[in-house]
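Numbering (this note's numbering), first residue to last: 128 to 395. Structure record follows, encoded as structure tokens.
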Amino acid sequence: MSLYEKVVGCVEKVRAYLNSSMVSFDVVGSNPFGDVSKKFDVDAENILRKCIVDSLGDVVFIGEEEGLNVFGVPKWIVVADPVDGSTNFSFDIPWASISVAVAPYRKGATLEDILFAVVAEIFRSRTYVYDNGSVKIFGGSGRRDSPAPIVLGYFESLEAYTPLLNYLLLSQRKLTIRSLGSAALDIVYVGLGNAEAFIDARAKLRNVDVASAIRIATALGAKAVECSNGFANAMRIPIDSAERVKCVAVAYNNEILNRLAKALQKRF
């Protein structure tokens, strides 16, 4: 069985559980990042981790609920968020996803090392797969020739909202802002052209939230930067440990990325 078949099979197990009657929404504690954990979060990660370890063997598994776990002598790094959009999922808002990225193990590994990545919508049978340089889309359409006039982002404070406001002022067309609740899906949708940009300057995202999605979106043609670090290429984000990502910006193309950079320069 190929890496593709093994990882997609594990993702489908998680999706089947999340769409079953076995899901519990009870609060069971908090994760290493300090977020509230519900039983479905923990169960989904346990299902995914067990399947990945059974399928791939010696891995470093980095998940949102338990952080970093090492199994055997690592050959692979797996970075995963089994329920990205937990709040949406809890209240039956159909915007949540499963994210898994796989890279050969090495110290100092980054997004650039990812060989295989999956973002799967939980509420719909749509799956986006990066496989060694190319993207396959199951249940959805390909990349638009030009992006929709929509900006996706998160802004829980005036400071986090300022880059979005700056971007609107720099834009040459009327834009709509949406805050949807699953960063992974948001980023993939920018890659598809269903939105022209994504900004999150809250310093709340983790590498487990964005690794798979950025790998997929950039392979589709999008541009992504870690925008608190001199607008560094997002492919340099580390994946060998669980880490926060202070600022992420994703653009449909270079022209939009340049506007995003101007909008963000006033903040950092």
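Where a beta carbon is used, it is the ideal one built from N, C-alpha and C, also for glycine.
Here D327 is near C374, since their CB atoms are less than 8 Å apart. Per the coordinates, the alpha-carbon of F198 lies some 7 Å from the alpha-carbon of G184. Residue burial is scored here from C-beta neighbours: P209 has at least 16 other C-beta atoms within 10 angstroms and is therefore classed as buried. DSSP, read as helix, strand or coil, puts E286 in helix. Fully contained in the segment 133-159 are the following beta strand (DSSP E) runs of length 3 or more, in chain order: 154-157. Rounded to the nearest whole angstrom, the C-alpha separation of R342 and I225 is 14 Å.
Distances from the CA of F152 to each of N334, S217, A388 were compared; the closest alpha carbon is that of S217.
Secondary structure of G318 (DSSP, three-state): helix. Per DSSP, the beta bridge partners of L279 are R305, F325. Here the alpha carbons of T289 and I179 stand approximately 40 Å from one another. Assignment of alpha helix (DSSP H) within the segment 150-217, counting only whole runs of 4 or more residues, yields 166-183, 213-217 in chain order. In this structure, the alpha-carbon of N173 lies about 12 Å from that of I189. In the DSSP assignment, K389 falls within the unbroken alpha helix (DSSP H) covering 381-392. Here P365 is bridged, per DSSP, to T237.
The continuous beta strand (DSSP E) containing I264 extends over residues 261-265.
Taking R363 as the centre and dropping the five residues before and after it, the same chain places the C-beta of T237, L238, E239, E353 closer than 8 Å to its C-beta, in chain order. In the DSSP assignment, D258 falls outside any alpha helix (DSSP H) and lies within the beta strand (DSSP E) extending over 254-258. DSSP places I220 in no alpha helix (DSSP H); its state is neither H nor E.
According to the DSSP secondary-structure assignment, N360 is paired through a beta bridge with V352.
If the five residues before and after L195 are omitted, its C-beta is found closer than 7 Å to the C-beta atoms of V187, I189, S368, A369, all from its own chain and listed in chain order. Distances from the CA of R305 to each of S129, L291, F358 were compared; the closest alpha carbon is that of L291. A275 and V317 have their C-alpha atoms spaced approximately 9 Å apart. Linking I366 to R329 through their CA atoms gives a straight-line distance of about 20 Å. DSSP places L297 within a helical segment (H, G or I) once states are collapsed to three.
Pairing I264 with Y255 gives a Cβ-Cβ distance under 8 Å. As far as DSSP is concerned, F250 takes part in no beta bridge.
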